[in-house]
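Taking it in order: structure first as structure tokens, then the write-up.
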Amino acid sequence: MLFPRVLLASFAWFVFAEVTFAQAPLVGILQQELDRNYAALQQKGDPKPYFLQYAVTDTESDGVSATQGALQSLGHNRIRAIDVSIRVGDRKFDNYHSASNLRGMPATATTIALDDSPAAIRRKAWIETDQAYRIASQRLIQLKTNQQVKAAPSDDSDDFSTEAPSTFSKLPVKYSFSAADWTARLRKLSAEFNKHPRILNSNITVIVQREVKTLVNTEGSKLEHGRLFARVMITARGRTGDGMDMSSAESFETDDTAKLPKDAQILAAIEKVAKDLDGLLSAPPVDPFVGPAILSGRAAGVFFHEIFGHRIEGHRQKDENDGQTFTKKVNEPILPAFLSVTFDPTVKEAAGQDLNGTYAFDDEGVKARRLPIVENGVLKSFLMSRSPIKGFPNSNGHGRGQPGGGIVSRQSNLFVESKNAVSDAELRKMLKAEIKKQGKPYGLYFEQVTGGFTTTGRASLQAFTVVPLVVYRVFPDERPDELVRGADIVGTPLASFAKILATSAKVDVFNGYCGAESGSVPVSAVSPAMLVSEIEVQRKKVSQDAAPYLSRPPAVGGISQ
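Spelled out as structure tokens, the structure:
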């Protein structure tokens with residue numbers, strides 16, 4: 000994988016200036032019903048609420064998908080959903096209090112009218128508020144009863160932080176999308192995969208999405224903001240003779256439909272995907288291995304997202320069921336001294352690519368900001384929502400969740416910075432030297448990854464898995480690299496950090512979506528390539544099915560291929 004541009008020099012920030020609010024119809028409708036319901040509950044409610052919030056997510060999208068020269072799907076969709084958050088009790092102890100033997104406060108999103116109809120929207124908000132209040136009251140009673148028979152928690156921080164209200168309005172532009180044009184283009188482009196008979200299925204998809212978030216609460220916040228994001232995904236899959244499913248993929252992401260790739264760029268990506276997959280289908284399977292390796296920038300970004308990012312999410316630090324890997328390590332070294340890690344949702348672009356984890360305000364209405372997490376190897380902070388933890392009483396703009404998913408602390412744009420950076424060529428020389436030093440027959444180079452997952456719960460193994468797509472054996476002599484297949488990176492976090500020796504001087508970007516307790520949220524990871532002295536790989540699971548028994552049908556009339 001290539002790494003265009005140098006770290007830091009390629010970061011582009013965007014600033015949202017707070018403005019006098021030009022009240023949109025939806026904001027006024029929500030504010031009226033919020034005020035009415037809150038006043039009524041203050042008068043009649045027992046227990047009384049101390050906080051009420053309405054958050055509406057309006058999502059509009061267009062998509063076209065094609066396979067092997069034929070249209071597969073075509074659609075336009077728009078939906079509005081409202082989340083109601085109500086808190087009873089007080090900030091010290093409320094219905095969102097965590098308890099190991101009780102389910103968390105449920106969160107739901109309900110669709111509302113697309114039209115700014117006061118009667119329709121207010122009626123839906125009223126019904127949802129009434130239901131949310133009943134559930135909140137019952138849970139608070141359960142929690143207070145539970146508290147009498149449970150040991151005192153190790154972290155007795157408040158349940159909800161006090162934050163300054165925000166007033167802001169800036170809507171994303173409305174996108175231009177020609178379904179007819181993209182349908183014709185993808186039919187033609189997807190037919191290119193017919194030239195590769197070993198590919199069992201392939202797909203090219205373009206999707207454009209505009210998301211507008213509207214938030215009002217009883218603290219005085221009034222927000223309208225959002226994002227536009229477009230993606231072209233190219234994927235292909237095949238199966239080896241011994242039953243291993245293989246895949247290859249490339250993607251393009253942007254926040255401007257005018258910057259979506261031209262046909263020549265897509266054709267080049269198709270050729271790379273097909274070439275990679277053809278190579279993987281012929282490659283030997285990897286053996287279980289422990290030894291030195293280089294992770295490309297994208298692979299290293301996913302590596303840090305999985306083994307580090309999830310473990311510094313604030314809510315995990317006071318969850319007694321969580322492993323709490325770094326809870327007591329603030330101001331202690333946890334990474335090599337030449338590495339720093341920052342999360343910054345205000346950065347719009349890095350290494351020439353638009354970032355997926357960018358936003359102006361989080362889902363609790365707290366303004367996004369740059370957050371240094373690790374400075375020169377030393378842990379300094381955690382990703383915080385409005386759920387305080389010991390030593391960190393306030394949010395830093397990382398309370399996130401998909402509609403209906405609830406809100407907890409989540410990752411945004413992750414940046415890995417290095418003071419021990421060398422050229423790609425020098426990093427490769429260092430890998431070969433490390434292979435010789437350890438007496439290994441080879442090392443590994445992880446070029447592409449598709450994602451990963453991790454477990455953080457105390458009852459399970461503190462481990463992670465990163466799923467590579469394209470992996471090479473690198474030999475200590477002059478032999479060319481050898482493509483191998485079926486490798487999964489596995490390990491435990493604390494041991495893995497100590498193995499990082501150096502990085503490249505250039506960065507690359509991994510854009511994706513992260514799934515966790517609060518649903519799926521868009522994220523990015525920006526990192527240089529990394530040399531590690533030791534990494535462990537295991538063989539990927541194989542299917543019991545062999546490659547297809549019957550020959551492939553012809554792409555266009557004539558004999559089978």
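Oh and the sequence shown: position 191 is 190 in numbering that gives the first Met the number 0, straight run, nothing missing.
Idealized CB from N, CA, C, for every residue including glycine.
Just so you know, the alpha carbons of Ala299 and Ser526 end up roughly 6 angstroms apart. One Cα belongs to His96, the other to Asp158, and the distance between them is close to 6 angstroms. Using a Cβ distance threshold of 9 angstroms, Val285 and Leu259 do not count as a contacting pair. In this structure, DSSP gives Thr213 an extended state, which the three-state scheme calls strand.
Under the DSSP assignment, Phe414 falls in the beta strand (DSSP E) whose first and last residues are Asn412 to Ser417.
Rounded to whole angstroms, the separation of the alpha carbons of Gln401 and Gln31 is 25 angstroms. When rounded, the separation of the alpha-carbon atoms in Thr144 and Thr109 is 31 angstroms.
When the five nearest sequence neighbours on each side are left out, the beta carbons in the same chain lying within less than 6 angstroms of the beta carbon of Phe288 are those of Val536, in order along the chain. When DSSP assignments are scanned along the region 369 to 449, the uninterrupted stretches of beta strand (DSSP E) that are 3 or more residues long and fall wholly within it turn out to be 370 to 374 and 412 to 417. Annotation for Val215: Leu29, Gln30, Leu33, Tyr53 and Lys221 place their beta carbon closer than 6 angstroms to its own, counting only its chain and skipping 5 residues before and after. Boundaries of the alpha helix (DSSP H) around Ala183: Ala178 to Ser189. Residue burial is scored here from C-beta neighbours: Tyr512 has fewer than 16 other C-beta atoms within 10 angstroms and is therefore classed as exposed. The three-state reading of DSSP puts Pro117 in helix, counting H, G and I together.
Judged by their CB atoms, Gly356 and Val520 are nearer to each other than the 9 angstroms cut-off.
Pairwise C-beta distances place the region 263 to 272 out of contact with the region 329 to 337, as fewer than three of them are shorter than 8 angstroms.
Close CB contacts of Asp89 within its chain, under the 8 angstroms cut and outside five residues either way in sequence, are with Tyr49 (chain order).
Counting along the chain, Ser281 sits inside the alpha helix (DSSP H) bounded by residues Asp262 to Ser281. With a cutoff of 9 angstroms on beta-carbon distance, Gly485 and Met243 are scored as near each other. Beta-bridge pairing by DSSP links Pro48 to Val87. The secondary-structure analysis by DSSP pairs Ala80 across a beta bridge with Thr56 and Thr110.
If you ignore the 5 residues before and after Leu426, its C-beta comes within less than 8 angstroms of the C-beta of Ile293, Ala501, Thr502, Ser503, Ala528 and Leu530, all in its own chain and listed in chain order. Excluding the 5 residues flanking it on each side, Pro392 has same chain C-beta neighbours closer than 8 angstroms at Ser156, Asp157 and Ser160, in chain order. Within a 10 Å sphere around the beta-carbon of Asp476 sit fewer than 16 other beta-carbons, which makes this residue exposed. Apart from the 5 residues on each side of it in sequence, Ala106 sits with its Cβ closer than 7 angstroms to the Cβ of Asp82, Gly403, Gly404 and Gly405 in its chain, given in chain order.
The closest CA to that of Leu170, considering only Arg226, Leu185, Gln41 and Tyr471, is found on Arg226. In this structure, Gln437 sits near Ser532, with a CB-CB distance shorter than 9 angstroms.
Contact between Ala190 and Gln67 holds: CB atoms are separated by about 6 angstroms, below the 8 angstroms threshold. By the 16-neighbour rule on beta-carbons within 10 angstroms, Ala263 is exposed.
By the Cβ rule, the region 336 to 343 counts as touching the region 410 to 421, because three or more pairs are nearer than 8 angstroms. Setting aside the 5 residues that flank it on each side, Gln71 is surrounded in the same chain by Ser64 and Ala65, each with a C-beta closer than 6 angstroms to its C-beta; the list follows chain order.
The residues Leu101, in chain order, have a CB closer than 7 angstroms to that of Gln141 in the same chain once the five nearest residues on each side in sequence are set aside. In the structure shown, Leu25 adopts helical secondary structure according to DSSP, grouped into three states. Distances from the CA of Glu252 to each of Phe509, Lys123, Asp154 and Gly313 were compared; the closest alpha carbon is that of Phe509.
With respect to Val421, Phe445 sits apart: the two C-beta atoms are not nearer than 9 angstroms. Within the DSSP bridge table, the entry for Gly74 names Gly62 as partners. Met383 and Gly62 have their C-alpha atoms some 34 angstroms from each other.
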